[in-house]
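*Asks:* Pasting a structure below so you can have a look.
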Amino acid sequence: MLILVYAPTNSRTIARDLGRAEYSYYFVLKEFRPLLEQLGIVIEITDPEHEVDRIHNAAIRRGIDCVFLCFAPPHLVPGGLVCPTVPVFAWEFDTLPNETWSDNWRDDWSALLRRVGQAITHSSFTVDVVRNALGRAYPIVSLPAPVWDRHAAAYDPTRNSVLTPPTLLNVRGRIIDSATFDLAPYTCAARRRDGQAELPGSRRERALTHAVTLSGVIYTAIFNPNDGRKNFSDMIAAFGWALRDEPRATLVLKATNRKCEGALKAMVEEFAKVQPTRCRMVIIDGFLEESEYARLLEISTYALNTSLGEGQCLPLMEYMSAGKPAISPAHTGMRDYISEANAFVVRSSLEPFHWPHDPREAIRTRRHRIDLESLLGAYRESFRVATSDAASYHRMARAAHHGLRAHCSRQVVLKQLTRFLDRVRHRPGSVTHVSSAPEPQTPDVVRLRSGQDGGRAASPWQALADAGSAD
Amino acid sequence: MSFLLYLGSSARNPEAAGRRAGAPVGEAEYSYRFLLDAYRDMLAETETVIEIDDPAQADRYHVHFTALGEPCTLLAFCPPNLAPVGLACPTVCLFAWEFTTLPTGGWSKDPREDWRHVFLAHGRSIAMSEFAAAQVRAAMGDYCEVAAIPAPVYDAWASVEPRRMTDGQARVLRIGAGVVRDTRLTGIGQTAPFWPLRDAPALQIPPVPPLTVPPAHVPDALLHPVHEIVFDGMVFTTIFAPKDGRKNWRDLVSAFIWAFRDTADATLVVKIIHREPESFLPHFENLLFKCGPFACRVVAIGAWLDDDQMRDLASVSDIIVNTSHGEGMCLPLAEFMSTGAPAIAPDHTAMADYITPDNAFIVRGTLEHNVWPHDPQAMFRTMRYRIEWDSIVEAYESAAAMLKGPPERRLAMSHAARQTMHDYCSRARIGKTLRRFLGTASFAETPEEV
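These protein sequence lines map, in sequence, to chains A and B.
Here the first sequence is numbered in UniProt numbering, starting from 1 and rising by one per residue.
Here the second sequence is numbered in UniProt numbering, starting from 1 and rising by one per residue.
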């Protein structure tokens, strides 16, 4: 089987695109690639509209199956290809976009998904949202990015001490460490009086390598500071408020975007608002070598998330695979793997919002609003557990490690991926209308829904091959 | 006994008001004016009451009345940092406060910015809510006597004749000069939002001269109404000053539309308190626009309503709505509930004193860090309530079910709202509590109903 793959950002453009809206699709593709390579020959596409059908038609003539996995949001997925097309997309809102406002008909995701006839996403939450819109029979499966295996080895159940001894971390770039500079210039009063303060450290320093010593109870979050969903203001202010008197508490924020000066200033200003505190915030605005990235994972006590919605949240999944309990909500993408057994669960409620790609900002959906009291409680309780209840900590670590295997190990994901692709390759690549009515009408959809192959009836694909190719 | 009434204000004390110009200090100043007027009416029945506009006059009056053998007390209607201290005349500060911690200042040389200084100097204080009184007790112990005494709102509003959804009477509100924006007339909400925006039909708001005339001198023009609003179906009313960030109007409005997107007989009346309402309306209508299309109706009133017109509004309102982060007392809730309108409201801060499941549909909220509104440093020193938006939607839906449901429940809730307000803030009750607190032996015990 030929598996054509595409993401708007690829290995050539990732350095430039890091932090832009579609960048995370690149990382998801990277995680799926080894699995896809076990199922067929993987070809990376750079121009889907022109390359995909050319390759597909050539493959068909030679009797070779060909499918196209497009790692992109549906409004960027080609909808008129002959090759079976599978959007692989993340979605964290509770309604599926179903309106248009420009000349791109694919802004209406329900229309695009109906047209291509199947999709892959990364959480049961998204599967429910899609099925609510397109009917229970719509062929969509949740395949989390298979990150468990790469990080499972870092889980060390024999390690006794929960607190991290002072450990050096090397960063190529800037380290903004609240322990090393005065936060007074970053308060609202100072800003009003003297204007907004620049961050400490000069531009030239960002090309250099710096070291920071981290210790104690380390809460780590890895995210794009420009991504509003990550809700860093609650994350930072609640940390300072809850652990104000704890010098052993350290918040480590690794920025995944190199161009977010404004957001970094906002982060420092947020921490300034809760001063004075004895706890510490360290922002890593730079590049971590693989060994340093692994060291940060190893020394972290907890994985942290306070977001308003997630498609899946790769950093959280990675850290939990390595046996780090989480402080996190259990909504949207995280409901599949966050539980009281492996996390300090943060409550949330709903608030109105718009689909991110809708420039009208029409109120059509909902995202989450974090219950701050619950977050404060999670910080306090997690700190207590880390400092005085090692048995509970280790229990949660074990639960995180094992729970994430069931959720996103290669073995688990590969099995479902194989089954799903098997069904896709046996469908005709041309338009398949999936009615949103409860009773499907096309025989292909009957086979997919029941999950039984009924004695391997001849697929339309096979019939085409038997009839001989057109040219 | 004689009482001196003083309205402390930031206008009189610019250096004490903090640098955030326009930021309300606790409850908005217009509420303190109302409170002062209500106390004057109540006390003047049996005591000597004089309003002063300069605290320096207080000691002169104190000398005068003391010589006559008459105790004299200064009542300061303002947040403690604006209250006079160091007078010979005994002073009591009446204040509203909706945050979880008392300001301790530190940003200016004025010792009153630490409210404990004022409470210590006065020795007695009246808070508008149990929520605020508890904070004073916790901070001051025996050094300051504090009572929770709300404004005596009930009597003036209990006489309003309801013209509610099921009463079968004409429900018309007549309004004088000012701006009224009714989605049934403007068409906002009939379609999904336009894109690109240049294709949207122009949303013109006719210019209205700003109201600079003080309320007491409203011209006769109001006798000749400019707008006539006819209500049908369920009328949900809310009253707020948009500049007041605590009111959380976006949640209130978006939840209404979310709940009643397909319900044509639901109306939200938004009475805006603002000197230049037309400056706020574009922000407001922008939100409506983004929520479209919707079948329900939103009527924004940016006009001054005198007492009679406010009572008219209360009489046609089925439900009074509040979704704020915190309240010092919330006069609109107390006023409208006194007319028998149940509420949609949180039960935190001051509202804990009167909002119950019997008289309201309760909106949930939990604490979040926040800033004292007059703190020029804008540091996180206190907390307020972060509202759960979906609980507002649920409250609207439950209220609609109640309004359209069996009359027994409707009557029970209406009665409960009225009764609660009677028990909470009738003039008789407040007067009695006040006299007991101020230790006025000269007050005759009136044989009023308990």
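Positions of the beta carbon are idealized from the N, C-alpha and C atoms, including for glycine.
Since the structure is predicted, the reported quantities are computational estimates derived from the model, not experimental observations.
List the endpoints of the continuous alpha helix (DSSP H) containing residue 183(B).
*Replies:* Residue 183(B) sits at position 183 when you count from the first residue of the second sequence. Taken as a continuous stretch (DSSP letters only), the alpha helix (DSSP H) holding residue 183(B) covers 183 to 186.
*Asks:* According to DSSP, which residues form a beta bridge with residue 6(B)?
*Replies:* Numbered from 1 along the second sequence, position 6 holds the residue referred to as residue 6(B). In DSSP, residue 6(B) forms a bridge with 52(B), 76(B).
*Asks:* Mind listing which residues of the stretch 277 to 294 of chain B have their C-beta closer than 7 Å to chain A's C-betas, in chain order?
*Replies:* Residues 290, 291.
*Asks:* Residues of chain B with CB under 9 Å from residue 109(A), in chain order?
*Replies:* In the first sequence, counting from the first residue as 1, residue 109(A) sits at position 109. The premise fails here: residue 109(A) is roughly 16 Å from chain B at the closest Cβ pair, so nothing lies under 9 Å.
*Asks:* Where does residue 90(A) fall in DSSP's three states?
*Replies:* Stepping through the first sequence from its first residue, residue 90(A) is reached at position 90. Residue 90(A) falls in the coil class under three-state DSSP.
*Asks:* Taking only three categories from DSSP, how would you classify residue 232(B)?
*Replies:* One-based indexing of the second sequence puts residue 232(B) at position 232. Coil, per DSSP.
*Asks:* Look up residue 165(B) in the DSSP assignment and say whether it is helix, strand or coil.
*Replies:* Numbered from 1 along the second sequence, position 165 holds the residue referred to as residue 165(B). Residue state, collapsed to three classes: coil.
*Asks:* Is the distance from the Cβ of residue 337(A) to the Cβ of residue 407(A) below 8 Å?
*Replies:* As a first step, residue 337(A) is located in the first sequence; it is residue number 337 there, counting from the start. As a first step, residue 407(A) is located in the first sequence; it is residue number 407 there, counting from the start. Yes, these two residues count as a Cβ contact at 8 Å.
*Asks:* If you drop the 5 nearest sequence neighbours on each side, which residues of the same chain put their C-beta closer than 7 Å to that of residue 255(B)?
*Replies:* The count along the second sequence starts at 1 and reaches residue 255(B) at position 255. Around residue 255(B): 389, 392, 393, 396.
*Asks:* Between which two residues does the beta strand (DSSP E) carrying residue 391(B) extend?
*Replies:* Position 391 of the second sequence holds residue 391(B). From DSSP, residue 391(B) is part of no beta strand (DSSP E) but of the alpha helix (DSSP H) over 389 to 403.
*Asks:* Measure the alpha-carbon distance for residue 277(A) versus residue 298(B) and round it to whole angstroms.
*Replies:* Your numbering for residue 277(A) matches position 277 in the first sequence. Your numbering for residue 298(B) matches position 298 in the second sequence. Rounded to the nearest angstrom, the two C-alpha atoms are 46 Å apart.
*Asks:* Is residue 170(A) helix, strand or coil when you go by DSSP?
*Replies:* Position 170 of the first sequence, counted from the start, is the residue given in the question as residue 170(A). Residue 170(A): strand per DSSP, three-state reduction.
*Asks:* Run through the DSSP bridge pairs and tell me what residue 472(A) is partnered with.
*Replies:* In the structure displayed, chain A extends from 1 to 471; residue 472(A) sits before or after that span and is not available.
*Asks:* For residue 227(A), does the count of other Cβ atoms within 10 angstroms reach 16, so buried, or fall short, so exposed?
*Replies:* Indexing the first sequence from 1 puts residue 227(A) at position 227. By the neighbour-count rule (16 or more Cβ atoms within 10 Å), residue 227(A) is buried.
*Asks:* Give, in chain order, every residue of the stretch 220 to 245 of chain A whose Cβ lies closer than 7 Å to some Cβ of chain B.
*Replies:* Cβ contacts with chain B come from 237, 241.
*Asks:* Could you please give the first and the last residue of the uninterrupted beta strand (DSSP E) stretch that includes residue 328(A)?
*Replies:* As a working note, residue 328(A) is residue 328 in the first sequence. Per DSSP, residue 328(A) belongs to the beta strand (DSSP E) from 326 to 329.
*Asks:* Check residue 351(A) in the structure and name its three-state DSSP category.
*Replies:* Along the first sequence, read from residue 1 onward, the residue named residue 351(A) stands at position 351. Strand, per DSSP.
*Asks:* With distances taken Cα to Cα, identify the nearest neighbour of residue 179(A) among 247(A), 420(A), 236(A), 409(A).
*Replies:* For the purposes of this step, residue 179(A) is identified with residue 179 of the first sequence, where counting begins at 1. Nearest of 247(A), 420(A), 236(A), 409(A) to residue 179(A), Cα basis: 247(A).
*Asks:* Do you know how far the Cα of residue 308(A) is from the Cα of residue 231(A)?
*Replies:* If you number the first sequence from 1, residue 231(A) lands on position 231. If you number the first sequence from 1, residue 308(A) lands on position 308. Looking at the two C-alpha atoms, the distance is approximately 7 Å.
*Asks:* Does the beta carbon of residue 366(B) come closer than 8 Å to any beta carbon on chain A?
*Replies:* As a position in the second sequence, residue 366(B) is number 366, starting the count at 1. Interface residue, yes.
*Asks:* Going along the chain, which residues of its own chain have a beta-carbon closer than 6 Å to the beta-carbon of residue 68(A), five neighbours each way excluded?
*Replies:* Start at 1 with the first residue of the first sequence, and residue 68(A) comes out as number 68. Once the five neighbours on either side are set aside, the close Cβ partners of residue 68(A) are 4, 52, 83, 85.
*Asks:* Interface residues of chain A around residue 380(B) at Cβ under 7 Å?
*Replies:* Locating residue 380(B) in the second sequence gives position 380, where the first residue counts as 1. Correct list: 237, 241, 273, 274.
*Asks:* Going by DSSP, which residues form a beta bridge with residue 370(B)?
*Replies:* The residue given as residue 370(B) occupies position 370 in the second sequence. Partner(s): 382(B).
*Asks:* Could you name the residues of the same chain whose beta carbon sits closer than 7 Å to that of residue 285(A), not counting the 5 residues immediately before and after it, in chain order?
*Replies:* Taking the first sequence and counting its residues from 1, one reaches residue 285(A) at position 285. The residues are 173, 174, 176, 255, 264.
*Asks:* Kindly list, in the order they appear in chain B, the residues whose Cβ is closer than 7 Å to that of residue 327(A).
*Replies:* In the first sequence, the residue the question calls residue 327(A) occupies position 327. Result: empty, since nearest Cβ-Cβ is about 17 Å, beyond 7 Å.
*Asks:* Less than 8 Å between C-beta atoms, sequence neighbours within five positions excluded: which residues of the same chain meet that for residue 473(A)?
*Replies:* In this structure chain A extends from 1 to 471, so residue 473(A) is not present and cannot be described.
*Asks:* Beta-carbon within less than 6 Å of residue 315(A)'s beta-carbon, same chain only, minus the 5 sequence neighbours each way: which residues are those?
*Replies:* As a position in the first sequence, residue 315(A) is number 315, starting the count at 1. Correct list, in chain order: 222.
*Asks:* Our contact map puts residue 252(B) next to residue 321(B) with C-beta atoms below 8 Å; I'd like the distance itself, whole angstroms only.
*Replies:* Within the second sequence, numbered from 1, the residue matching residue 252(B) stands at position 252. Within the second sequence, numbered from 1, the residue matching residue 321(B) stands at position 321. Residue 252(B) to residue 321(B), Cβ: 6 Å. Contact.
*Asks:* Going by beta carbon distance, what residues of the same chain come within less than 6 Å of residue 324(B), once the five residues before and after it are set aside?
*Replies:* On the second sequence, position 324 is the one that residue 324(B) refers to. Excluding positions up to five away in sequence, the list reads 246, 247, 248.
*Asks:* Can you grab the Cα-Cα spacing for the pair residue 432(A) / residue 59(A), in whole Å?
*Replies:* Walking along the first sequence from the start, residue 432(A) turns up at place 432. Walking along the first sequence from the start, residue 59(A) turns up at place 59. Since pLDDT at residue 432(A) reaches only 34, below the 50 mark, its modelled position is unreliable, and the value read off the structure follows with that caveat. Whole-angstrom Cα-Cα distance: 21 Å.
*Asks:* Does any residue of chain B have a CB that is nearer than 8 Å to the CB of residue 372(A)?
*Replies:* Locating residue 372(A) in the first sequence gives position 372, where the first residue counts as 1. Yes - at least one Cβ of chain B is within 8 Å of the one on residue 372(A).
*Asks:* Please decide whether residue 355(A) counts as near chain B, where near means a Cβ-Cβ distance under 8 Å.
*Replies:* If you number the first sequence from 1, residue 355(A) lands on position 355. So no, residue 355(A) is outside the interface.
*Asks:* Between the stretch 121 to 137 of chain B and the stretch 343 to 353 of chain B, can you find at least three pairs of beta-carbon atoms closer than 8 Å?
*Replies:* Result yes; three or more Cβ-Cβ pairs closer than 8 Å.
*Asks:* With H, G and I counted as helix, E and B as strand and the rest as coil, what does DSSP make of residue 247(B)?
*Replies:* Position 247 of the second sequence holds residue 247(B). Three-state result, residue 247(B): helix.
*Asks:* Name the residues in the stretch 250 to 278 of chain B whose C-beta lies less than 8 Å from a C-beta of chain A; which are they?
*Replies:* Here the close residues are 251, 254, 255, 257, 258.
*Asks:* Would you verify that the beta carbon of residue 24(B) is, or is not, closer than 8 Å to some beta carbon of chain A?
*Replies:* Reading the second sequence from its first residue, position 24 is the one you call residue 24(B). Here the model assigns residue 24(B) a pLDDT of 39, short of 50, so the residue's position is not dependable, and the following value carries that caveat. Not an interface residue.
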